[in-house]
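Accompanying notes for the structure given below.
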Amino acid sequence: MKRLLLLLVLMLTLGVAHATQPLPGDSIYNLKLQLTDQNGHRQPLSERRGRPQLVTMFYASCQMVCPMIIDSMRATRNALDPVERAKIDLLAVSFDPARDSVAALRNYAEKRKLDAPAWTLARTGPAEVRQLSGVLGLQYRQLPDGEFNHSSELILLDADGRIVARTSHIGRLDPVFVEAIRHQLGGA
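Positions -19 to -1, 1 to 169 (mature numbering (1 follows the signal peptide of the UniProt record, and there is no 0)) are the ones given, in order, by the sequence shown.
What follows is the structure, encoded as structure tokens:
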């Protein structure tokens, strides 16, 4: 019992030490932005620190590429074994905060069977969307009909929010990207 208590104290101490360490300069968690998820929970982007993340950007009313992006994210996660899957979080942030309300994101998650806590669909303000997309290296522009023209990529972040791998293979599994995730999780 004493040994278990000591181990628990050690784990908590290490977790607190990690959280209080300064962020690396190239961490996306240096962005001071708030995300609101499909359940209405607000949290700073930096709260995702501590676990590797598979990240993308999309918008819920997209009928063409975004469903393929989400399917590629799901296929990538499913290519991992259950232990690996438990070590990574998935984050999809909307390009379209005007239409992607909490209710729209929740409806999309339910329709696509994207279960929390593994999946987080999130929104933030228009200026923050622009900042996040810039840091992630994703381009987008709104078209006159309200749709978006945008980059389509999956991005792997390490536990400190640094970009360690990316793929633009959408609609099919990218084995090289899956191996990059496995490598990251092995060191996580």
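No residue lacks a Cβ here, since even glycine has one placed at the ideal position from N, Cα and C. Values in this document were obtained by computation on a predicted structure and should not be read as measured data.
Beta-carbon proximity check, residue i vs residue j, cutoff 8 Å
i, j, result
"Met38", "Leu137", "no"
"Thr101", "Asp7", "no"
"Pro78", "Arg104", "yes"
"Ala146", "Phe158", "yes"
Where residue i falls, given that 16 or more other Cβ within 10 Å makes a residue buried
i, result
"Gln34", "buried"
"Met54", "buried"
"Asp96", "exposed"
"Val36", "buried"
"Glu28", "exposed"
"Gln120", "exposed"
"His131", "buried"
"Val74", "buried"
"Thr57", "buried"
Beta-ladder partner(s) of residue i, from DSSP
i, result
"Pro25", "Gln15"
"Val74", "Met38 and Ala103"
"Tyr121", "His131"
DSSP state of residue i mapped onto helix, strand, coil
i, result
"Thr37", "strand"
"Thr101", "strand"
"Ala146", "strand"
"Ile136", "strand"
"Ala79", "coil"
"Leu113", "helix"
"Ile151", "coil"
"Met45", "coil"
If you pair each beta-carbon of the region 57 to 73 with each one of the region 114 to 133, do three or more pairs fall below 8 Å? In the pairwise beta carbon analysis, the region 57 to 73 is classified as not touching the region 114 to 133: fewer than three pairs are separated by under 8 Å.
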